[in-house]
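S.K.: The sequence shown begins at 653 in the working numbering and counts up one residue at a time. Each residue gets a CB set at the ideal place from its N, CA and C atoms; glycine is no exception. Predicted, not measured: the structure shown is a model, and the values here were computed from it.
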Amino acid sequence: SKGVQQETKAGKGDLDDAILALVKFGVVSARGHPDLVPHAVSQGNLVLLEALLSRVKDIPEEDLVSVLKLVLTHCKKQSMDKFITIWAAAAPEVPVLDHDAVRRHLLDLIMLVPKDHFLLVQHLRNLSLKEAERLLKYCQSLLKMHGVAADTKLPKPKGFRSPSLSCVVDWSNALLDAHFSALVLSPECHPLLKELKVLAKAETSLARETVNMDGLLQQIIQKKALPIRPKKTYVIDTIVL
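1) Report, in whole angstroms, the separation of the C-beta atoms of Leu827 and Ile762, which I expect to be a contact under 8 Å.
2) Could you say which of Lys796, His831, Leu858 lies nearest to Ser816 if we only look at CA atoms?
3) Give the C-beta separation of Glu702 and Leu758 to the nearest angstrom, bearing in mind that I take them to be a contact with Cβ-Cβ under 8 Å.
4) Under a three-way DSSP split, which group does Leu828 fall into?
5) Which of the three DSSP states is assigned to Ile891 in this structure?
6) Shorter than 6 Å, the distance from the beta carbon of Cys791 to the closest heavy atom of the ligand NAP, or not?
7) Only counting the same chain, and skipping five residues up and downstream in sequence, which positions put a Cβ closer than 8 Å to that of Leu787?
8) Whether or not the stretch 674-690 and the stretch 743-750 are in contact is what I'm after, with contact meaning three or more pairs of Cβ atoms, one per stretch, closer than 8 Å; do they touch?
9) Mapping DSSP to helix, strand and coil, what is Thr862?
10) So Ser793 is in the alpha helix (DSSP H); what residue range does that whole segment cover?
11) Please tell me whether Ala830 and Val765 are closer than 7 Å, where the distance is taken between their beta carbons.
12) What span of residues does the alpha helix (DSSP H) with Gln730 cover, start to end?
13) Could you check the C-alpha separation between Arg755 and Glu855 for me, to the nearest Å?
14) Considering His751, what are the terminal residues of the alpha helix (DSSP H) in which it resides?
15) Quick one, which of Ile711, Ala692, Asp768 has its alpha-carbon nearest Ser731's?
16) Three-state secondary structure (DSSP) at Pro839?
17) Roughly how many angstroms lie between the CA atoms of Gln874 and Gln792, to the nearest whole one?
18) Taking just the CA atoms, how far does Leu722 sit from Val777?
19) Have a look at Pro843 and Leu672 and give me their C-alpha separation to the nearest angstrom.
20) Quick check on DSSP: helix, strand or coil for Ala877?
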């Protein structure tokens, strides 16, 4: 972290390239180098942030929220364009990304980082209402993608990871815990809250209907034959001597 704080003769560009290489080698810890994520956020370096979010699993919740604020509202066009250019050069077979695809990709990576719910709720309170609403809308789109109808598809290049349903639910709950009062008092957010309620009811109903399939699904996952149902009637042969 001392290297992040000091200027080098090679300049900031080479310093960021060196940090990026170390991150890709898997020798960086966010808690061991606490200035790394704040440095990447202050520079708006989306390439470095993407590597950190993909490979570093101990990013503090406070830093996750600072990255969220950058991606949701403070990301500059120049930073987005640089990320797209570097990604296109590294993977020419992949369709060219647009700014929305980059933002979705980074939000997915943020949501996939391991976190503590209580600490996350504390730091999510630092989001403005507008930022919280935007993130909740994205969670809503992911819930629709995972939901009963599953009629929502978010374009993603091959290799991009998406949060699981349980992960999306965890983030939605954390956001609601942090901003519920403000969301309720804002009339503009009421349609979003009503839609989330509908989605939650649909998922709950589906879970109730499929709970009896748990054993069958376990058999399929384990690739075992289904158990033979015992016969209700049986015959006893007796031998008289």
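M.R.: This is what the structure holds:
1) Not really, about 12 Å apart at Cβ, beyond 8 Å.
2) Lys796
3) 6 Å
4) helix
5) coil
6) In the structure shown, the ligand NAP is absent, as is every other ligand, since no ligand is present at all.
7) Leu720, Leu724, Leu759, Leu779, Trp823, Leu827
8) no
9) helix
10) 781-798
11) no
12) 729-742
13) 27 Å
14) 751-764
15) Ala692
16) helix
17) 32 Å
18) It is Arg, not Val, that sits at residue 777 in the sequence shown. Each residue's Cα considered, the two are about 15 Å apart.
19) 42 Å
20) coil
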